[in-house]
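Asks: So that you can map any letter, position 286 of the sequence shown is 285 in numbering that gives the first Met the number 0, and since no number is skipped, the others follow by simple counting.
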Amino acid sequence: MSSAASAVQTPKTFKPRIFSGIQPSGGLTLGNYLGALKRFVEKQDEGIETIYCMVDMHAITVWQDPAKLRQQTREGAAAFIAAGIDPKRSILFNQSQVGAHAELGWIFNCVARMGWMSRMTQWKDKTAGKNAEAESLGLFAYPALMAADILVYHATMVPVGEDQKQHLELTRDIAIKFNHDYGVDFFPVVEPLIEGVATKVMSLRDGTKKMSKSDPSDQSRINLTDDADMIAAKIRKAKTDPEPLPDSVEGLKDRPEAKNLMNIYSALSDQPVADVVAEYAGTQFGTFKPRLAELAVAKLSPITTEMNRLMADPAEIDRILGDGADRADALARPIIEQVYEITGMIRSRRK
0 MSSAASAVQT PKTFKPRIFS GIQPSGGLTL GNYLGALKRF VEKQDEGIET
50 IYCMVDMHAI TVWQDPAKLR QQTREGAAAF IAAGIDPKRS ILFNQSQVGA
100 HAELGWIFNC VARMGWMSRM TQWKDKTAGK NAEAESLGLF AYPALMAADI
150 LVYHATMVPV GEDQKQHLEL TRDIAIKFNH DYGVDFFPVV EPLIEGVATK
200 VMSLRDGTKK MSKSDPSDQS RINLTDDADM IAAKIRKAKT DPEPLPDSVE
250 GLKDRPEAKN LMNIYSALSD QPVADVVAEY AGTQFGTFKP RLAELAVAKL
300 SPITTEMNRL MADPAEIDRI LGDGADRADA LARPIIEQVY EITGMIRSRR
350 K
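1. For Arg254, list the residues DSSP reports as bridge partners.
2. Considering Cα atoms alone, identify which of Arg171, Leu68, Ser117, Glu134 is closest to Met145.
3. Would you report the Cα separation of Tyr141 and Ile59, rounded to the nearest angstrom?
4. With distances taken Cα to Cα, identify the nearest neighbour of Asp325 among Val97, Ser347, Glu336.
5. With DSSP run on the structure shown, which of helix, strand or coil describes Ala197?
6. Taking all protein chains shown into account, decide if Asp217 is buried (16 or more other Cβ within 10 angstroms of its Cβ) or exposed.
7. If you follow the alpha helix (DSSP H) that Thr342 is in, where does it begin and where does it stop?
8. What residue range does the beta strand (DSSP E) around Gly20 cover?
9. Should Ser117 go down as buried or exposed, given a rule of 16 or more other Cβ atoms within 10 Å for buried?
10. So, with DSSP's three-state summary, where would you put Asp130?
11. What three-state label does DSSP hand Glu74 in the structure shown?
12. Under the three-state reduction of DSSP, which class applies to Glu48: helix, strand or coil?
13. State the start and end residues of the unbroken beta strand (DSSP E) segment that holds Met156.
14. For the alpha helix (DSSP H) that contains Asn222, what are its first and last residues?
15. Compute the distance between the beta-carbons of Asp148 and Gly20, then report whether it is under 7 Å.
16. Kindly list the residues whose CB is nearer than 8 Å to the CB of Asp317, restricted to its own chain and excluding five residues on each side of it in sequence; keep chain order.
17. Could you work out which residue in Ala66, Thr28, Pro15 is closest to Ile423 when comparing CA atoms only?
18. Closest by CA to Phe185, which one among Ser135, Pro255, Ala154, Lys233?
19. With burial defined as no fewer than 16 other Cβ atoms inside 10 Å of the residue's Cβ, what is the status of Ile90: buried or exposed?
20. Start and end of the alpha helix (DSSP H) containing Glu305?
21. DSSP state of Phe139, grouped into three classes?
22. Let me know if Gln94 comes out buried or exposed under the rule of 16 or more other beta-carbons within 10 Å of its beta-carbon.
23. Check for me: the alpha helix (DSSP H) holding Phe107 runs from which residue to which?
24. From Gln121, Met119, Glu102, pick the residue whose C-alpha is nearest to that of Leu150; which is it?
25. Got a sec? Which residues, its chain only, sit under 8 Å from Val40 by beta carbon, not counting five neighbours each side?
26. Determine the burial state of Cys52: buried for a count of at least 16 other Cβ atoms within 10 Å of its Cβ, exposed for fewer.
27. With DSSP as the reference, label Met116 as helix, strand or coil.
28. Please state the DSSP three-state secondary structure of Pro271.
29. So for Thr239, helix, strand or coil by DSSP?
30. Please identify the residue among Ala99, Leu136, Asn130 whose C-alpha is closest to the C-alpha of Met113.
31. Which residue's Cα is closest to the Cα of Ile352: Arg204, Gln270, Ser211, Pro187?
32. Helix, strand or coil for Pro86, going by three-state DSSP, please let me know.
33. Taking just the CA atoms, how far does Ile345 sit from Leu33?
34. Take the Cβ of Ile47 as the centre, count every other Cβ of all protein chains shown within 10 Å, and call the residue buried at 16 or more, exposed below.
35. What does DSSP give as the partner residue(s) for Phe92 in the beta ladder?
36. What did DSSP end up calling Thr12 once you bin it into helix, strand or coil?
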C-alpha cells in the first residue's frame, strides 16, 4: 500500500445509500414511472438516503441541441417531483452541476480496461453494422462515468432494470479493481435493486418489445405528458389477442400483450399479478381495457397536471436542482478528495 493510501481513513462499512440517474432525453413514459419513479418514491419511506440525478453529461455522448437539453432536464426533474420525489427528503440535481462526477469519471477511465468497455452490450448494439470509428469517445467510455456517478457518493444500492445489470456489474468490477490496485477498502461493491412485476413495461403495440420513447409510433407508449383522453385511447387501442384473460399466472406465459397489460394493472393498483388474474379470469379485453384505462388515468393524470404546473416556472425547477447539487457536492467532494490522496495527487492548494 502506498503512503498516500495508508494515510487515508478508508471506510470498512458503508452507510446505506441509493443512487440512480435518468438521462434527460425527453418523453418520459409509463415505463419510466412504473419501472423507476414509482419505486424511487417508495424508497423515501424506507429510511435510506436517496440521491437522484438528471445525467445530462451522459446525454451529450450524442449531439444534443442545447436549448432542448435544458428543457428536457427540467422536464425530467418535474416528472420526479410530480411523481412524489420530495427534494427535501431526497437529493435531486443534474449531473453537470457536481464536478466530482467528471473528475472521478476520468480516474475510472484509467482503471477500467478497453476490453471491458468493448464488451458492453449497449455499445455493441449501438454500433452494430455501423462505422464504430465515427462514434464519440464519450459513447464508448460513458460506462466509466456511470460508475463514477454511483461511487462518488459511496452508494450501496442502485435500482436497475434487467437491461442495465451489465453496467452495474462493470461498476462493481471498477470498484474491486480500484480497491485492489491501491490496497484499500474504499469503494463499496454496489448491489442491484430489481423489484416489482412491472420493472420492464412493454410496448402497447408489441408485447415482446420494451416501451420506449424512441419508438416511431406514439401509440406504443403512454407518455407522462399525455392527457386523460390520450391515455384512455391508447389503452383501448393496445394490441391484444382474441382469447379471454386466463385463470392463472401461468396462462400468461405465451401471451405477451395480455401479460403486459396485466402487469401494468398490477403495478398501478399495487396488487400482486395473481390477484389481478383471479379478479379478471375469463374476462374479455373489451371489459378489462376500460378498467385499466380508468385506473391509469386516476394514477397518471395528477402527475401530468403537476408536471405542467412545474414546467410553467422553470426558475423554480432550476432552484431545486441547484439546491440538490449543493447537497450532492457536500457528499461527493470529500470522497473525490480522498481518491486524489489514494492515487497520489498533490492537493496542497485546497488545504
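A virtual CB, placed ideally from N, CA and C, is assigned to each residue, including glycine. Model, not experiment: these values are computed from the prediction.
Replies: Result, derived from the coordinates:
1. Per DSSP, none; premise fails for Arg254.
2. Minimum Cα distance to Met145 is reached at Arg171.
3. Distance between the alpha carbons of Tyr141 and Ile59 is about 10 Å.
4. Checking every option, the nearest Cα to that of Asp325 belongs to Val97.
5. With a pLDDT of 48 at Ala197, under the threshold of 50, the modelled position of that residue is not reliable, and no figure is offered here.
6. Burial check for Asp217: the Cβ neighbour count within 10 Å stays below 16, so the residue is exposed.
7. For Thr342, the enclosing alpha helix (DSSP H) has its first and last residue at 313 to 342.
8. Element bounds for Gly20: 16 to 21.
9. Burial call: exposed.
10. One detail in the question is off: residue 130 reads as Asn in this sequence, not Asp. Reduced to three states, the DSSP call for Asn130 is coil.
11. Looking at Glu74 - three-state DSSP - the assignment turns out to be helix.
12. Strand at Glu48.
13. 156 to 158 is the extent of the beta strand (DSSP E) around Met156.
14. Neither: Asn222 is in no alpha helix (DSSP H) and is coded neither H nor E.
15. For Asp148 and Gly20, yes; Cβs fall inside 7 Å.
16. Annotation for Asp317: Arg73 place their beta carbon closer than 8 Å to its own, counting only its chain and skipping 5 residues before and after.
17. Any answer about residue 423 is impossible in this case: the structure gives the chain only from 0 up to 350.
18. Put simply, of Ser135, Pro255, Ala154, Lys233 the residue whose alpha carbon is nearest the alpha carbon of Phe185 is Ala154.
19. So Ile90 counts as buried.
20. Residue range 284 to 310 is occupied by the alpha helix (DSSP H) that includes Glu305.
21. The answer is helix: DSSP assigns Phe139 an H, G or I state.
22. Buried, since its Cβ has 16 or more Cβ neighbours within 10 Å.
23. That run of the alpha helix (DSSP H) goes 99 to 110.
24. When C-alpha distances from Leu150 are compared across Gln121, Met119, Glu102, the shortest belongs to Glu102.
25. Short of 8 Å from the beta carbon of Val40, and not among the five residues preceding or following it, lie these beta carbons of its own chain, in chain order: Ala82, Gly83, Ile84.
26. Around the C-beta of Cys52, 16 or more other C-beta atoms lie within 10 Å, and the residue is accordingly described as buried.
27. The three-state reading of DSSP puts Met116 in helix, counting H, G and I together.
28. When DSSP states are grouped into helix, strand and coil, Pro271 belongs to the coil group.
29. Coil, per DSSP.
30. In terms of Cα proximity to Met113, the closest of Ala99, Leu136, Asn130 is Leu136.
31. No answer is possible for residue 352: the residues shown for the chain start at 0 and end at 350.
32. In this structure, Pro86 counts as coil in the three-state DSSP scheme.
33. If I take the Cα positions, the gap works out to 46 Å.
34. Looking at its Cβ environment, which holds fewer than 16 other Cβ atoms inside 10 Å, Ile47 is exposed.
35. According to DSSP, which records beta bridges pairwise, Phe92 is partnered with Cys52.
36. Coil, per DSSP.
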